[in-house]
Structure formats: C-alpha cells, structure tokens
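J.: The sequence shown begins at 287 in the working numbering and counts up one residue at a time. Supplied in structure tokens, the structure appears directly below.
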Amino acid sequence: MNSKEIREKFLKFFEDKGHTIVPSSSLVPEDPSVLLTTAGMQQFKSYYGELDPDKTIHSNLGKPVGKNAVSIQKSFRTSDIDEVGDESHLTFFEMMGNFSFGGYFKEKAIELAHEFLTKELGLKISYVTVFEGNNSIGVPEDKDSAAIWQKIDPSIRIEKQGMEDVFWGPTGNSGPCGPTTEVYFENAQGQDVETWNLVFNEYFYPGSREELLSGVSEKKLEKLKTPGVDTGMGLERIMMAVQNTKNIFETDLFTVPFPNLIEGVDVKSYRIIADHLRGSVFLIADGVKVSNKGAGYILRRLIRRTIVQAKTVSLPAEALEVLFNNAIDFYGGFYKGLLDQKNNILSIFLEEQKRFNKTLDVGLKEFLKKYPELEAQFIEPGKPLKVHQANKISGEDAFYFHQTYGFTLDTIRDLARRGLHEIDIDEKAFEEAFKKHQEISRAGIERKFGGHGLLLDTGELKAADEEELKKVTRLHTATHMLQAALRQVLGPEVHQMGSDITAERLRFDFTFPRKVTPEEISSVEDLINQKIKEDLTVNIIEVPIEEAKASGALTVERAKYAPMVKVYSIENFSKEVCGGPHVAHTGEVVNFKITKEEASSAGVRRIRAQVAD
Ligand code: SER
Numbered sequence: 287m288n289s290k291e292i293r294e295k296f297l298k299f300f301e302d303k304g305h306t307i308v309p310s311s312s313l314v315p316e317d318p319s320v321l322l323t324t325a326g327m328q329q330f331k332s333y334y335g336e337l338d339p340d341k342t343i344h345s346n347l348g349k350p351v352g353k354n355a356v357s358i359q360k361s362f363r364t365s366d367i368d369e370v371g372d373e374s375h376l377t378f379f380e381m382m383g384n385f386s387f388g389g390y391f392k393e394k395a396i397e398l399a400h401e402f403l404t405k406e407l408g409l410k411i412s413y414v415t416v417f418e419g420n421n422s423i424g425v426p427e428d429k430d431s432a433a434i435w436q437k438i439d440p441s442i443r444i445e446k447q448g449m450e451d452v453f454w455g456p457t458g459n460s461g462p463c464g465p466t467t468e469v470y471f472e473n474a475q476g477q478d479v480e481t482w483n484l485v486f487n488e489y490f491y492p493g494s495r496e497e498l499l500s501g502v503s504e505k506k507l508e509k510l511k512t513p514g515v516d517t518g519m520g521l522e523r524i525m526m527a528v529q530n531t532k533n534i535f536e537t538d539l540f541t542v543p544f545p546n547l548i549e550g551v552d553v554k555s556y557r558i559i560a561d562h563l564r565g566s567v568f569l570i571a572d573g574v575k576v577s578n579k580g581a582g583y584i585l586r587r588l589i590r591r592t593i594v595q596a597k598t599v600s601l602p603a604e605a606l607e608v609l610f611n612n613a614i615d616f617y618g619g620f621y622k623g624l625l626d627q628k629n630n631i632l633s634i635f636l637e638e639q640k641r642f643n644k645t646l647d648v649g650l651k652e653f654l655k656k657y658p659e660l661e662a663q664f665i666e667p668g669k670p671l672k673v674h675q676a677n678k679i680s681g682e683d684a685f686y687f688h689q690t691y692g693f694t695l696d697t698i699r700d701l702a703r704r705g706l707h708e709i710d711i712d713e714k715a716f717e718e719a720f721k722k723h724q725e726i727s728r729a730g731i732e733r734k735f736g737g738h739g740l741l742l743d744t745g746e747l748k749a750a751d752e753e754e755l756k757k758v759t760r761l762h763t764a765t766h767m768l769q770a771a772l773r774q775v776l777g778p779e780v781h782q783m784g785s786d787i788t789a790e791r792l793r794f795d796f797t798f799p800r801k802v803t804p805e806e807i808s809s810v811e812d813l814i815n816q817k818i819k820e821d822l823t824v825n826i827i828e829v830p831i832e833e834a835k836a837s838g839a840l841t842v843e844r845a846k847y848a849p850m851v852k853v854y855s856i857e858n859f860s861k862e863v864c865g866g867p868h869v870a871h872t873g874e875v876v877n878f879k880i881t882k883e884e885a886s887s888a889g890v891r892r893i894r895a896q897v898a899d
C-alpha cells in the first residue's frame, strides 16, 4: 500500500467508527503561544475542558465537530532540526490522529489502535509503554491502560516509563495534558520504532510543559471535567512499517517525489534536501514568507540549507527547481491546495535562492581558498577526505565566515562535510570569538557615548543613546547605498565630500557640477529601495589600506587612514573603507527617501535623506 492509500484507509476506518473527518489546520496556528503547529490536537485544544464540541462551530470545519474526530495534520517540529540527516528525524511530518472529547476514553482508544494496526494494516506490535506514575505531580501509575492491553493481547510486552516519555503536554503556555501509552513495531532492521502515541488528557495545567517538568512551580494540575483522547501517529513511520523499509526515506513519501536523489548523492545531504525542501513547500503554502524572524526565519534556514546541501553534492540549481515541482505534484495529490500555489511556492524559493546564492558563491570561494583541500571534494563529492590539517576548522575562521557572509555554524559544517565524514569546528573558540566581538562592540558603544553625545571614528555620526545608535547605523548604511546609487545614476565623478548623520536624517555632500533632476532623484531612490528589498548582506573585511584602495573600495580624499582598515561592501553594489557601524542586511534600512537636494558650494551638491521606521 502506498501513502495515499494509507491516509485514505485511516480516515475511512475512523469515519466508519463514528468520527468526523476534520481537515488539517494550517501550519501557522491560531494559538499565538506556539510558533508552528506541532501536533494534531492543537486545533482541538479547547474541546478538552472548555468548549462543547457538539455546539461550537469549528473554524476549520465550518460546523461543530462532535465528540469524536479524525485528522491528518501537517506538523512541523523545530526541536529536531539539527538531527535531520539521520534515519528518522524530520522537521515537517504528517500526523494521523483520532480524538475524542468525552465520547470514549482509554478502553475504546486502545482497542481502535490495536484493530487498525493489526487487522487493517496487518502489522505486528513489538511492545507498548504505559505511564509509571509520578508522586511529585500527583499522577498515579496508569494501571488501566496496562490492563486493557493485557486483555486485548495477553502476550503483549508492556513497559513502564516516566514523565519524559509517556506524559504528554501541555503545548504552549497552558493546556490539557495526561499520561500516554505508546505502541512500538519492529522495522526491517530489527529496531523498535515508536509509532502511535495515545494520550489520555485527564488534566489541565495552567503553565508550560517546562514549568510542569521543573518540579518547582507553584502551579498545580487540575482534573478535567470531561477527560479526552488525543492520538498521534506519524505517517512517515507507519509507512516504514507498511512498506517494510529500513528507514523513512525509503518509503514512497520520499522515493516518489525525490527519485534521482537516492542514487549517487551522499545520503545525509539527500535526506536534508528532501526534508527541508518538503518543509519549505508546506510552510510557503500556509502563507509563511522568508524573513529574519519567527516562522519566516525557519523557512529561510530550510531553503538556505537546501541550497548549501545541493552545492556540496554538486546538484545544479535547476535540479532543485525540479524537485520542488515534484514535491508539489506528489503531495498535491492529497493536499490539493498545494497545486493552486505552485507558482507562488516556486517563486518564493527562487527569490531566496537568488538572494543567497550570491553571498554563498563569494563566501564559498574564500572558504575554499582557506581550506583548499576541500575543493577537490567538491569536484568529486562523496570521496572520503584525505587526512589533512584541515580536519578541524578553527573557531576564528568559523567566526569570520559567520560575520562576513552570515554563514551559520550549520552552513560551515555542511560546506566542510564530505559524505558522512564530519569535520570538527572548534566551537569553543567560535563562541569565544563571538563573545570577544560582543565585548568589543559594547566597549565601543560605551566609549563612544561616555554619557555624552556620540562621535564615531569618522566623525559623521551623532547619537545620544542606543536607540539613536540603531537609527544612525541604518542611516549610515543608507549613506553608503546613496553614494553607490549616485555613482551609478550620475556617473563616477561623484565623490564624497562630507557626511553628517543624526538620528533624524543623513546629509551627504558630493562632487557634481549641476543640479540633480527630479527624475535622477527618483532613479536613485528606486535603486536604493530595490537593494533594500533584496535584503543584501553587508560584509566587512579588514585589510591593509593599499589593498583596500587597490580593490576599488571608495575612500574619502584627504582623510587619514590607519594601516589596517575595514572595508564594508554590499555585494557588488557598494564598497567603501569605513569605520562602521553598519546594519547586517540592507533590509534593515526599511525604506529610503531623499528630502532635499541643493548646492553646498561650487561643484558640490548636498542631499538630505531619511529612512522609514
Ligand atoms: N499529541 C500527541 C503527539 O503529538 C498525540 O497526538 O504525540
């Protein structure tokens, strides 16, 4: 049986047993205390206790759900993101579950699970677990569940476990929770795999799971008036049992949409690409946009890591596009909404790919220059790395690539990894370099403020506190962008003659023989706002002044420079010798507007401009 048949079988089985089929809710949940939907029960949370499931109109269904429900829920867990690449971890997955809000409880829930697994799917249960009890939170051992399993199958092995494993919830800041019983089966490699989690929500906890587990919180578990059932079974894992595969990546959920990835490409990269690409498709379809915070940042990480992995295994950019198409077509067979969103999903991916590829290419080139022995591995992916001094990436280097190109440790590790051959990064030294950098910038800020006004190295910026420093920093980057745009629109005769930045505005004096026309002003503004929209990385390198000048970095005439200088560049748009500070990405400037253009002195024009909040 394939995954589509299993989904249908699951829904039909429970529908026949009096459950309402409820569509998956969005990955972006209504409950603001959770970032993404991590479990099937989330859309039903308030039926355990508060709301009447027979009367309340369910927003996702458009009518009351009734006491028993079944769903296949799109779920996303960030907790395992670093483990992806092994045999079983995923970010996105599909959770099949049946739920009851006062309809039935332990006995029927266990009977249904047993019947579905053994009769419908013909699987053999390896063993089950039940809750051993916990005195400090006052929940007794779950003897009922053990007795029910025993009755159904006297030969079944029952193990007792504690809070970490078999006590579910609550999700978010508070919610229903209770003991669970979990079902294990044996996979093709003879390993026991957890497959179905049956939660018996008997309690409500007015705090988070962390508070509950901490054992020190004053908050107490309350008994729910009507106890409920919440079960969850990962589709990927059950497919592994049904199709008798060694791991989830060999089920049709991965082999059909990503067929050519199996061959030739190193297995860890393949799994990361498959997982992250699939996750990106579903996040975008549910309205997540690439950004630097929240769910948008998760999406950015997924897409960027997919791109890095593709690069390390020499998978061309077009191949990724094909895989996106495959995934949308395959999963669109069940999640119809994906098909309508095909263009949108692809264009969001392609836009981020374009944005990131530029930084990645430049960064990778420099990375390979530093670690040349890795280059051969790029040409022949999968070949084991020769033992070499670069078996370790130094913390300083890692920090440098982090600062300069925005590479996360993940990215650096991915770039350095060959097959399953991991290369160590000196993470301790990385952390130290990071801390040192923070201390230096903090000391810098204190020195600059010293309780009075602020004058930076260049004498251009003025700010009275940290809030203002943020604003002038944005204006400072905007000044670099302004000079670059002026040179592009008016010509290379434009040179900085002066600059003055307050928290309200920037003022920029430059050589130019005539008035700048309104059309030219608009072109300059449009160009800058375009570069802001592209959210380009602002890079810093420290080099000898001669090297900086030779590389074409702009300097200010007559200024005195130290032997070593910082060069700030914004991809191939802008490059200047400067003391900083600057924002990390042009997107932080938000919006740029010229407010005035006038003569300053003979042959020198003056522009005032602002950035939006
Ligand atoms: N909420 C439980 C889980 O996610 C059962 O569905 O495992």
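We treat Cβ as the ideally placed atom computed from N, Cα and C, and that holds for glycine. Nothing here was measured: the structure is a model prediction, and the numbers come from that model.
Could you give the C-beta distance for Thr763 and His868, rounded to a whole number, given that I count them as a contact under 8 Å?
T.: The residue given as residue 763 occupies position 477 in the sequence shown. The residue given as residue 868 occupies position 582 in the sequence shown. Yes, they are in contact, since the Cβ atoms of Thr763 and His868 sit about 5 Å apart, within 8 Å.
J.: According to DSSP, is Val452 helix, strand or coil?
T.: As a working mapping, residue 452 is identified with position 166 in the sequence shown. Val452 falls in the helix class under three-state DSSP.
J.: Tell me whether the beta-carbon of Met519 lies closer than 8 Å to the beta-carbon of Thr481.
T.: Position 233 of the sequence shown, counting from 1, holds the residue named residue 519. Position 195 of the sequence shown, counting from 1, holds the residue named residue 481. Yes; because the gap between Cβ atoms is below 8 Å, this pair is in contact.
J.: On the DSSP bridge list, what partners appear for Trp482?
T.: Sequence index remark: in the sequence shown, residue 482 carries index 196 (1-based). Per the DSSP secondary-structure output, Trp482 pairs in a beta bridge with Val469 and Met519.
J.: Looking at C-beta atoms only, is the number of pairs between the stretch 454–466 and the stretch 411–426 that lie closer than 8 Å three or more?
T.: yes
J.: Which residue wins for smallest C-alpha separation from Gly493, given the options Glu504, Val485 and Phe796?
T.: Within the sequence shown, residue 493 is the residue found at index 207, counting from 1. Nearest option by C-alpha distance: Glu504.
J.: Between Asp428 and the ligand SER, is the CB less than 7 Å from at least one heavy atom?
T.: Stepping through the sequence shown from its first residue, residue 428 is reached at position 142. False, no ligand heavy atom lies under 7 Å from that Cβ.
J.: Is the Cβ-Cβ distance between Ile589 and Ser566 less than 8 Å?
T.: Locating residue 589 in the sequence shown gives position 303, counting from the first residue. Locating residue 566 in the sequence shown gives position 280, counting from the first residue. The answer is yes: Cβ separation under 8 Å.
J.: Indicate whether Lys711 and Leu695 have their beta-carbon atoms separated by less than 8 Å.
T.: The residue labelled residue 711 in the question sits at position 425 within the sequence shown. The residue labelled residue 695 in the question sits at position 409 within the sequence shown. Here the sequence assigns Ile to residue 711, which means Lys is not the residue at that position. Yes, they are a contact pair.
J.: On the DSSP letters alone, give me the boundaries of the alpha helix (DSSP H) that Leu695 sits inside.
T.: For the purposes of this step, residue 695 is identified with residue 409 of the sequence shown, where counting begins at 1. Its alpha helix (DSSP H) spans residues Leu695 to Ala702.
J.: Can Val853 and Ala836 be called in contact, C-beta distance under 8 Å?
T.: Along the sequence shown, read from residue 1 onward, the residue named residue 853 stands at position 567. Along the sequence shown, read from residue 1 onward, the residue named residue 836 stands at position 550. The answer is no: Cβ separation not under 8 Å.
J.: Runs of 4 residues minimum, wholly inside the stretch 595–681: which ones carry the alpha helix (DSSP H) assignment?
T.: You should have 603–618, 623–626, 628–656 and 659–665.
J.: Report yes or no: do three or more beta-carbon pairs, one from the stretch 573–587 and one from the stretch 320–333, lie closer than 8 Å?
T.: yes
J.: Look up Ala355 in the DSSP assignment and give the residues it is bridged to.
T.: Locating residue 355 in the sequence shown gives position 69, where the first residue counts as 1. In the DSSP output, where bridge partners are listed per residue, Ala355 has Thr306 and Phe385.
J.: Going by DSSP in three states, Ile826 sits in which element: helix, strand or coil?
T.: For the purposes of this step, residue 826 is taken as the residue at position 540 of the sequence shown. Ile826: strand per DSSP, three-state reduction.
J.: In whole angstroms, what is the alpha-carbon distance linking Val851 and Phe798?
T.: The residue you call residue 851 lines up with position 565 of the sequence shown. The residue you call residue 798 lines up with position 512 of the sequence shown. The alpha-carbon atoms of Val851 and Phe798 are separated by roughly 27 Å.
J.: Applying the criterion that 16 or more other CB atoms from any shown protein chain within 10 Å of the CB defines a buried residue, is Asn384 buried or exposed?
T.: As a position in the sequence shown, residue 384 is number 98, starting the count at 1. That one is buried.
J.: Tell me whether Trp435 counts as near the ligand SER, meaning its Cβ is closer than 7 Å to at least one heavy atom of that ligand.
T.: As a working note, residue 435 is residue 149 in the sequence shown. Result no, Cβ not under 7 Å from the ligand SER.
J.: Would you tell me roughly how many angstroms separate the C-alpha atoms of Ile614 and Glu753, rounded to the nearest one?
T.: Reading the sequence shown from its first residue, position 328 is the one you call residue 614. Reading the sequence shown from its first residue, position 467 is the one you call residue 753. Approximately 44 Å between the Cα atoms of the pair.
J.: CB-CB under 6 Å to Leu547, same chain, minus the five flanking residues each way: which ones, in chain order?
T.: Against the sequence shown, residue 547 aligns to sequence position 261. Cβ within range, chain order: Tyr556.
J.: May I ask you to report which of helix, strand or coil DSSP gives Asp561?
T.: Within the sequence shown, the letter at position 275 stands for residue 561. Helix, per DSSP.
J.: Gly514 by DSSP, collapsed to three states: which one?
T.: Numbered from its first residue, the sequence shown carries residue 514 at position 228. Gly514 falls in the strand class under three-state DSSP.
J.: Just verifying my parser: in three-state terms, what is the DSSP assignment at Gln896?
T.: Reading the sequence shown from its first residue, position 610 is the one you call residue 896. In the structure shown, Gln896 sits in a strand (DSSP, three-state: E or B).
J.: How many Å lie between Leu632 and Leu609 at the Cα?
T.: Here the question's residue 632 lines up with position 346 in the sequence shown. Here the question's residue 609 lines up with position 323 in the sequence shown. Approximately 10 Å between the Cα atoms of the pair.
J.: Return the residue from the list Arg793, Val810 and Glu790 that minimises the CA-CA distance to Val775.
T.: Numbered from 1 along the sequence shown, position 489 holds the residue referred to as residue 775. When only C-alpha atoms are compared, the closest one is Val810.
J.: Name the one or two DSSP bridge partners that Cys864 has.
T.: Here residue 864 corresponds to residue number 578 of the sequence shown, with the count starting at 1. DSSP, once it has assigned bridges, lists no residue as partnering Cys864.
J.: Cβ of Lys360 within 8 Å of Cβ of Pro350?
T.: Taking the first residue of the sequence shown as position 1, residue 360 is located at position 74. Taking the first residue of the sequence shown as position 1, residue 350 is located at position 64. No, they are not a contact pair.
J.: For the structure I just gave you, are there three or more beta carbon pairs, one from the stretch 407–415 and one from the stretch 369–384, closer than 8 Å?
T.: no
J.: Using the C-alpha atoms, what's the distance from Thr823 back to Asp795?
T.: Within the sequence shown, the letter at position 509 stands for residue 795. Within the sequence shown, the letter at position 537 stands for residue 823. So the two alpha carbons sit approximately 26 Å from each other.
J.: Check whether the Cβ of Ala355 sits closer than 7 Å to any heavy atom of the ligand SER, and report yes or no.
T.: Against the sequence shown, residue 355 aligns to sequence position 69. Every heavy atom of the ligand SER is 7 Å or more from the Cβ of Ala355, so no.
J.: Enumerate in chain order the residues of its own chain whose CB-to-CB distance from His738 is below 6 Å, with the five nearest sequence positions on each side excluded.
T.: Numbered from 1 along the sequence shown, position 452 holds the residue referred to as residue 738. With a pLDDT of 33 at His738, under the threshold of 50, the modelled position of that residue is not reliable, and the figure given next carries that caveat. There are no such residues.
J.: Among residues of its own chain, excluding the 5 on either side of Asp366, which ones have a beta-carbon nearer than 8 Å to its beta-carbon?
T.: As a working note, residue 366 is residue 80 in the sequence shown. The residues are His375, Leu376 and Thr377.
J.: Please look up how many angstroms separate the CB atoms of Val314 and Asp572, rounded, as I've assumed it's under 8 Å.
T.: The residue labelled residue 314 in the question sits at position 28 within the sequence shown. The residue labelled residue 572 in the question sits at position 286 within the sequence shown. The pair is a contact, with the Cβ atoms about 5 Å apart (cut-off 8 Å).
J.: Using the Cβ count rule (16 or more neighbours within 10 Å means buried), how would you classify His305?
T.: Translated into positions along the sequence shown, residue 305 becomes position 19. That one is buried.
J.: Is the distance from the Cβ of Thr457 to the Cβ of Ala355 below 8 Å?
T.: Taking the sequence shown and counting its residues from 1, the one referred to as residue 457 is at position 171. Taking the sequence shown and counting its residues from 1, the one referred to as residue 355 is at position 69. Cβ atoms of Thr457 and Ala355: not closer than 8 Å.
J.: If contacts are defined as beta-carbon pairs under 8 Å, then Arg791 and Ala895 qualify, I think. What distance do you get, rounded to the angstrom?
T.: Mapped onto the sequence shown, residue 791 falls at position 505. Mapped onto the sequence shown, residue 895 falls at position 609. The pair is a contact, with the Cβ atoms about 7 Å apart (cut-off 8 Å).
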